[in-house]
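Structure, as structure tokens:
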Amino acid sequence: QVQFVESGGGLVQPGGSLRLSCAASGSIFKFYVMGWYRQAPGKQRELVAHITSRSTSTYVDSVKGRFTISRDNAKNTVYLQMNSLKPEDTAMYYCNTVPYSGSVAWGQGTQVTVSS
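Right, here's the structure in full:
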């Protein structure tokens, strides 16, 4: 059964950077389109970036030019490099397949807080 474990979140000042990691179990990880989602308090979960098995990436407009998604299929890991962070980036961040099918449960997420 595939599971995702997110890490790397924390408290950072506006303009700072964080690198999130998502470790996946399961040998078929390399075939998945993987995405980073986030959910702020009182808001719906949104997909902010995703990457295909061949590493083609797509971003939501609000993070373009600031976030970079990447993957290492040998390590079954997907990353999200976040630069120039803004207070509105504050949220719980999760990884999962794209589109979300419900076949893999959400992990515990990793909290990102951008505040001075």
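Position one of the sequence shown corresponds to residue -10 (the working numbering), numbered consecutively onward.
Just so it is clear, CB atoms sit at the ideal spot from N, CA and C, and this is done for glycine as well.
How far does the beta strand (DSSP E) with residue i in it reach, from first residue to last?
i	result
residue 35	35 to 40
residue -1	-1 to 1
residue 25	23 to 28
residue 13	7 to 13
residue -8	Looking at the DSSP string, residue -8 is not in any beta strand (DSSP E), and its letter there is neither H nor E.
residue 85	80 to 86
residue 46	46 to 48
Roughly how many whole angstroms lie between the Cα atoms of residue i and residue j?
i	j	result
residue -9	residue 35	21 Å
residue 132	residue 77	Missing from the structure shown is residue 132; the chain here goes from -10 to 105 and no further.
residue 0	residue 38	21 Å
residue 30	residue 80	7 Å
residue 49	residue 26	10 Å
residue 47	residue 85	15 Å
residue 53	residue 45	14 Å
Do residue i and residue j have their CB atoms nearer than 7 Å?
i	j	result
residue 8	residue 97	no
residue 12	residue 57	no
residue 60	residue 72	no
residue -4	residue 102	no
residue 87	residue 22	yes
residue 83	residue 10	no
residue 105	residue 28	no
residue 24	residue 74	no
residue 20	residue 42	yes
Kindly identify the DSSP beta-bridge partner or partners of residue i.
i	result
residue 60	67
residue 93	None; residue 93 has no bridge partner.
residue 99	82
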